[in-house]
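A quick write-up on the structure given underneath.
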Amino acid sequence: MIMKAKNHSAMTPTIDNTKIAFHDCAAEPIALDGYLRKQGLRVKSWKRRYFNGFLTYKKDARPETKILKRDAVENVLYWSGAKHGFAVHLSSGRILYITAATEEEASVWYTALNRYLTIQQLGKDMRRLTARPLLDPIWEAACEC
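Structure representation (structure tokens):
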């Protein structure tokens, strides 16, 4: 999932050094970056990770830090397994369990992810509706034989 802002001046700081920019036009992407905690896949410990404008995460915010994971989002749900938690369903089949520092921050991330999913679905619907058929339709003539 790519949620990168073209115009970083539109981004405004919010809580816990998280930045977000929402744009009214579906052509404009949603940008969001900041620290969240994610649960490990094998070892169920919680690690603080920096999410940086894409659905990727790194150990910290330094530009030279290697990206640890990148995947496409298919769904996001609030998750009651941890305080301020939500579950991000990825195209790889993994469910990424994430927590935010506050309920407000969790809501900001949840809203951004859902908005992204809505924009993606609208794009798919528009492509489907505007696609030209590959072949002319075949019409059957009524035959009274």
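1 is the number of the first residue of the sequence shown in the UniProt record's numbering; add one for each residue after it.
The C-beta atom is built at its ideal place from N, Cα and C for all residues, glycine as well.
Between the beta-carbon of S45 and that of A72 there is about 25 angstroms, and that puts the pair past the 8 angstroms contact cut. Between the C-alpha atoms of R48 and G123 there is a straight-line separation of about 33 angstroms. Rounded to whole angstroms, the gap between the alpha carbons of L117 and L41 is 24 angstroms. Between I98 and K59, the C-beta gap is not smaller than 7 angstroms, which leaves the two residues out of contact. Q120 and K83 have their C-alpha atoms spaced approximately 29 angstroms apart. Secondary-structure assignment with DSSP links T130 through no beta bridge to anything. Straight-line spacing of the CA atoms in I95 and R127 works out to 28 angstroms.
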